[in-house]
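Numbered according to mature numbering (1 follows the signal peptide of the UniProt record, and there is no 0), the sequence shown spans residues -32 to -1, 1 to 545.
From the three backbone atoms N, C-alpha and C, an ideal C-beta is built for every residue, glycine too.
All figures in this text were calculated on a predicted structure; none of them were measured in a lab.
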Amino acid sequence: MLSRRPTRRTRLLRGLQGCLAALLLLACAAQGNPLANGAVATAHPLASEVGRRILEAGGNAFDATVAVSAALAVVEPYGSGLGGGGFFLLREAGESPQHSFLDARERAPAAATPDLYLRDGKIRRELSLNGPLAAAIPGTPAALVELAEKRGRLPLKTTLAPAIALARDGFAVDSIYRQRAGWRLAALRDDPESARLFLRDGDLPAEGHLLRQPELAQTLERLASHGRDGFYRGEFAKKLVQGVRAAGGIWSLEDLADYHTVEREPLRFILADGRELIGAPPPSAGGMILAQSLGILERLSWRDTEPLQRSHLVVEALRRAYRDRGQLGDPDFVASPLRHLLSDQYLDQLASSIDPDRATPSSALPPAPRWREGEHTTHFAVIDAEGNAVAATLSLNMMFGAAFSVPGTGVLLNDEMDDFAADINGSNAYGLKGSSANAISGGKRPLSSMSPTFIESAEEFAAFGTPGGSRIPSMVLLSALAYLEGKPVQAWPAVPRYHHQYLPDVLQYEADAFTPAQLDTLRARGHQPRLIERDYGNQQVLYWHKPSGTVEAASDPRGIGQALMVPARRESVTAAE
């Protein structure tokens, strides 16, 4: 077994590096040159264009975040929307930059119980996937209002205007829309309102068809005019509750009125070279998986290994980090074990358990809960010329969420209730065991893998994130390693992907991740490679070199996203403008 247990001197040096890194971060804003430009990278060209327009109009990164989130809700209904939620990792520029994490994850209705999907003694998985009983209380509208009111520079009527126009006037259906609607075609057909909004005569709309959503435009206008109360209270809230309950859901007016976002401390982890990983805390497991994996790999000197050996070490680190994921849950309901999971002693133990030449069978590791998670979300990143930045990952869970739209509202609901452990004593339809830390409970937020991430030092700032369900942390890890290795920005989201999540004990990989000879070697080492037939993920990344002021961004070549540069606007702009 490999053993890289740090000496007392090494531990002291790491501690000093951490302190120096923190001090440098406090001073970095006063040292580097002004940013040459802002940038926005999203999964859809229309949303990127909206972000660019808001920055050019004098809005800051938080204004652009509001505008982009709303635009994606219109043009990517398969990935996010007002009926969903998400996480926003925020950087506020200044002499001492501040980082925060806005948790807009959906909450279970108060009437939800651990046996919500139990019928005749058996879990009915389809009830947590399709229809209103699968829907948790949305968080995205509350987050947009909060970002605009607390950190934005422009009024909501300005930042939501582009999305309102897209919903009212329509956008052209593309091949990606048709593909993803095709994956959920049966579920969309089962709901008359969703079929009316997203299909044409019960079938996929033709490529180039102008998809209009007038009810969604009105809902966005209401949010722009009345803020939070325009969605969570009053007549509109009554319409939401009536529509959900009429179709068999359990929402109440109190559920909507009581919904709140939570501003949490980001997960922070000092890397060996002094750079700081700033990531998602629970109820996301993504930050823990990334920090733990990087901590293990640093102990195994990953930079000095040849490509196949590095892949072996990455897989073994992921195997252990994903095994520990099941210990996490909503921190407002369960105690967080993060301090232990990221401690030097525990990371030393995990690193020393890795055999440099053989895969560790997951069955040989102490057991941990199994799980599954929906595979589609959306991610975007924005930075303005002042150094404010956002990495945001938003979701409905499965493609088109619960495939249920509340009549007369244009709001397509999420199916995030499926991210809870529906049966902590048994297993779900995928054979994955539940976790008591993530059991269903009224008002609770389900565990997530969404991983908006920053890595920052005195000289550099990088932002990462992607959709992809359970594979999100492994994708971000591979991109972060490309960054730490000094590869150009365009290479970060393009890096070939592979993934291991402890259980099932399978090494998933894209077609170009390994050569035939490498696959043979991996099998000989005890790995079980399995080709993923289609590309997955859709990363959006940013990079800021502080001494020069250079800003770069890149979109995943697997998708249709676009990264746009926005020239710096030096004069100050007020909300009144």
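Checklist entry - When the Cα atoms are used, what is the spatial distance from L408 to R152? => result Sequence inspection shows Ile at residue 408; the Leu mentioned does not correspond to that position. Going by the C-alpha atoms only, they are around 25 Å apart.
Item to check | Sequence-distant residues of its chain with Cβ nearer than 6 Å to S321 (five each side left out) | outcome: none
Item to check | Environment of A289 [buried if 16+ CB atoms lie within 10 Å] | outcome: buried
Checklist entry - Counting pairs of Cβ atoms below 8 Å between the region 102 to 116 and the region 142 to 159, do you hit three or more? => result no
Checklist entry - Which partner residues of I105 appear in the DSSP bridge assignment? => result R75
Next on the checklist: Looking at the strands, I want to know which residues DSSP matches up with H467.
Outcome noted: Q476
Checklist entry - Do you know offhand how far G242's Cα is from A521's? => result 23 Å
Checklist entry - Grouping DSSP H, G and I as helix and E and B as strand, with all else coil, what is W151? => result helix
Checklist entry - Whole-angstrom Cβ separation of L57 and F422, contact assumed at under 8 Å? => result 6 Å
Item to check | Pairwise C-alpha distance: Q295 and N406 | outcome: 9 Å
Next on the checklist: Taking the beta strand (DSSP E) that G6 belongs to, which residues open and close that run?
Outcome noted: N5 to T10
Checklist entry - Taking the DSSP output, what are the residues bridged to A349? => result A9 and A359
Item to check | As assigned by DSSP and simplified to three states, the class of H177 | outcome: coil
Next on the checklist: What residue range does the beta strand (DSSP E) around S523 cover?
Outcome noted: T518 to S523
Next on the checklist: With H, G and I counted as helix, E and B as strand and the rest as coil, what does DSSP make of E94?
Outcome noted: helix
Item to check | Sub-8 Å separation of A25 and L188 beta-carbons | outcome: no
Item to check | Limits of the beta strand (DSSP E) - the one that A431 falls within | outcome: E428 to F432
Next on the checklist: With H, G and I counted as helix, E and B as strand and the rest as coil, what does DSSP make of P275?
Outcome noted: helix
Item to check | Beta-bridge pairing of F139 - partner residues as DSSP gives them | outcome: L179
Next on the checklist: Measuring CB atoms only, is the region 61 to 81 touching the region 409 to 421, in the sense that at least three cross pairs come out at less than 8 Å?
Outcome noted: yes
Next on the checklist: Going by the DSSP bridge assignment, what does D171 pair with across the sheet?
Outcome noted: R168
Item to check | Expected contact under 8 Å - CB spacing of E244 and E424 to nearest Å | outcome: 6 Å
Checklist entry - Which of the three DSSP states, helix, strand or coil, is assigned to F199? => result helix
Checklist entry - For T127, is the beta carbon positioned less than 7 Å from some heavy atom of the ligand ATP? => result Ligands are entirely absent from the displayed structure, and the ligand ATP is therefore not among its contents.
Checklist entry - Do the region 207 to 223 and the region 91 to 103 meet, that is, are 3 or more Cβ pairs less than 8 Å apart? => result yes
Next on the checklist: Please tell me whether S48 and P234 are closer than 8 Å, where the distance is taken between their beta carbons.
Outcome noted: no
Item to check | For S417, the three-state DSSP class (helix, strand or coil) | outcome: coil
Checklist entry - Is it true that the CB of W512 sits closer than 8 Å to the CB of E428? => result yes
Next on the checklist: Just to confirm my understanding: we take H495, look at its own chain, exclude 5 residues before and 5 after, and list those with CB closer than 8 Å. What are they?
Outcome noted: H280, V283, A327 and L475
Checklist entry - Got a sec, what are the start and stop residues for the alpha helix (DSSP H) P484 sits in? => result P484 to A492
Checklist entry - From V534, S516, L258 and I500, pick the residue whose C-alpha is nearest to that of A420; which is it? => result It is worth fixing the name first, because residue 420 is Pro in this sequence and not Ala. Per the Cα distances, L258.
Item to check | Nearest candidate by alpha-carbon position, reference K125, set E161, A185 and A163 | outcome: A185
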